[in-house]
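**Q** I have a structure I would like to understand better, so I am pasting it below and will then ask my questions one at a time.
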């Protein structure tokens, strides 16, 4: 709903003036009919009802830019390599430490 509000505010900013008038439901047949249609079950909608389906939303999602993160140099890299490939450091002490640390983790797909 916030995106719709933002769109309305942007449109209002382009106008010289505007006003909002409340119309009672009894006097606004179209809005009353729409509210009944919105809550009606699919079979209860009369076949003569003029229904128009929107093919595109009024609000478009913004493209989100994602930057790939390289975890190979992080603390998780050696653990992931050991669990997936069995790769151990050449140093026996570091290899033993890595085995102990890796025993606490589990790979689910590509996620540690």
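Numbering (the working numbering), first residue to last: 721 to 832. Note that the Cβ used here is the ideal one computed from N, Cα and C, for glycine as well. Here the structure is a predicted model, which means the values were calculated and not measured.
Where does residue 813 fall in DSSP's three states?
**A** Position 93 of the chain shown, counted from the first residue, corresponds to residue 813. Three-state result, residue 813: helix.
**Q** Taking the C-alpha atoms as reference points, what is the distance between residue 814 and residue 828?
**A** Counted from its first residue, the chain shown places residue 814 at position 94. Counted from its first residue, the chain shown places residue 828 at position 108. Between residue 814 and residue 828, the C-alpha separation is close to 25 Å.
**Q** Just the Cα atoms here: how many angstroms apart are residue 798 and residue 819?
**A** Start at 1 with the first residue of the chain shown, and residue 798 comes out as number 78. Start at 1 with the first residue of the chain shown, and residue 819 comes out as number 99. Taking the straight line from one Cα to the other gives about 10 Å.
**Q** So, is residue 773 buried or exposed, given that buried needs 16 or more other C-beta atoms within 10 angstroms?
**A** Taking the first residue of the chain shown as position 1, residue 773 is located at position 53. Counting Cβ neighbours within 10 Å, residue 773 comes out exposed, since fewer than 16 surround it.
**Q** So residue 787 is in the alpha helix (DSSP H); what residue range does that whole segment cover?
**A** For this step, residue 787 is matched to residue 67 along the chain shown. Per DSSP, residue 787 belongs to no alpha helix (DSSP H) and is neither H nor E.
**Q** Could you spell out the range, first to last residue, of the alpha helix (DSSP H) harbouring residue 733?
**A** To locate residue 733, count along the chain shown from 1; it is residue 13. Residue 733 -> alpha helix (DSSP H) spans 722-733.
**Q** Taking just the CA atoms, how far does residue 788 sit from residue 806?
**A** By 1-based counting over the chain shown, the position of residue 806 is 86. By 1-based counting over the chain shown, the position of residue 788 is 68. Their Cα atoms are separated by approximately 25 Å.
**Q** I need the straight-line Cα distance from residue 753 to residue 745, nearest angstrom please.
**A** The sequence position of residue 753 within the chain shown is 33, counting from 1. The sequence position of residue 745 within the chain shown is 25, counting from 1. So the two alpha carbons sit approximately 10 Å from each other.
**Q** Taking buried to mean at least 16 other C-beta atoms within 10 Å of its own C-beta, is residue 802 buried or exposed?
**A** In the chain shown, residue 802 corresponds to position 82, counting from 1. So residue 802 counts as buried.
**Q** Would you list the one or two residues that DSSP bridges to residue 828?
**A** For the purposes of this step, residue 828 is taken as the residue at position 108 of the chain shown. Residue 828 is bridged to 831.
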